[in-house]
Amino acid sequence: GKLRILYECFPMAMIMEQAGGLATTGKVRMLDVVPADIHDRSPIFLGSAEDVKEAEEYFREYDSVI
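According to the numbering used here, the sequence shown is numbered sequentially starting from 1.
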């Protein structure tokens with residue numbers, strides 16, 4: 001599912017990055033997203049830097065299939 005950017009994604013992304021991990025939408029760093037509306041939603045992937053980079057590579061490679 002998708003989570004609300006301002007209330008759910010940003011707080012988790014900040015904590016994850018401060019702990020040494022990464023947070024992404026699958027395409028861009030979560031904290032670089034600029035919401036257009038207060039209730040905008042986004043997919044989010046959180047985890048170790050290695051795991052999140054692997055997920056981003058997967059999405060880059062198979063984006064046209066998904």
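Even glycine gets a Cβ: it sits at the ideal position worked out from N, Cα and C. As the structure is a prediction and not an experimental result, all values here were calculated from the model.
If residue i sits next to residue j, beta carbons under 8 Å apart, how far is it from one beta carbon to the other, in whole angstroms?
i, j, result
"Phe-59", "Gly-26", "4 Å"
"Leu-6", "Ile-38", "6 Å"
"Ala-13", "Ala-23", "3 Å"
"Val-52", "Ser-42", "Contact flag wrong, Cβ pair sits at about 15 Å."
For a test of the three-state rule: what should DSSP assign to residue i, helix, strand or coil?
i, result
"Ala-19", "coil"
In the DSSP assignment, what are the bridge partners of residue i?
i, result
"Ser-64", "Ser-64 pairs with nothing; no bridge assigned."
"Thr-24", "Arg-29, Phe-45"
"Glu-3", "One detail in the question is off: residue 3 reads as Leu in this sequence, not Glu. Ser-42."
Starting from residue i, trace the beta strand (DSSP E) in both directions and tell me its first and last residue.
i, result
"Leu-46", "45–48"
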